[in-house]
Amino acid sequence: MVTKFQRTTAAVEGRNGYLTQIHHSRRGLSPHRLNVMTAIHNFDLQRADGSTAAERLFKQAHPDLFQTVLALMPDLPLPRRRAKSSISPILTKPGVPA
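Following this note's numbering, the residues of the sequence shown are numbered contiguously, the last one being 99.
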């Protein structure tokens with residue numbers, strides 16, 4: 002009878018299996034991270050035919066997810082300037098004759 006049935010691997014395959022493994026290994030996912038992962042899964046991951054889950058559900062094309070996010074993000078700030086390091090007066094004194 003065992004040879005007639007194939008063991009299911011749903012617990013480790015697909016999106017739910019992946020989220021379960023991440024949850025187990027990292028002791029949970031924050032709600033924000035889970036929402037981001039859901040958006041990436043629905044709007045960016047594509048099948049072999051090039052369609053995403055959102056396109057199949059809504060039956061219309063959506064703009065590229067990452068191009069949309071990049072358009073909404075402001076420019077990154079410049080790195081902060083370092084404070085001028087002052088040279089210790091001990092290092093600038095003339096050496097002691099030997």
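For every residue, glycine included, the Cβ atom is placed at its ideal position computed from N, Cα and C.
query	result
DSSP three-state label for Q22, please.	helix
Quick check: H63 and A55, are their CB atoms within less than 7 Å of each other?	yes
Within its chain, find whatever has a CB closer than 8 Å to the CB of T53; leave out the 5 residues flanking it on each side and keep chain order.	N43, F44, D45, L46, Q47, H63
Does any C-beta atom of chain C lie closer than 7 Å to the C-beta of Q68?	This model lacks chain C altogether, as it is built from one protein chain only.
Taking the alpha carbon of A16 as the reference point, which residue from R34, M38, G29 has its own alpha carbon closest?	Checking the sequence, you will find Arg at residue 16 rather than Ala. Ranking R34, M38, G29 by Cα distance to R16 puts M38 first.
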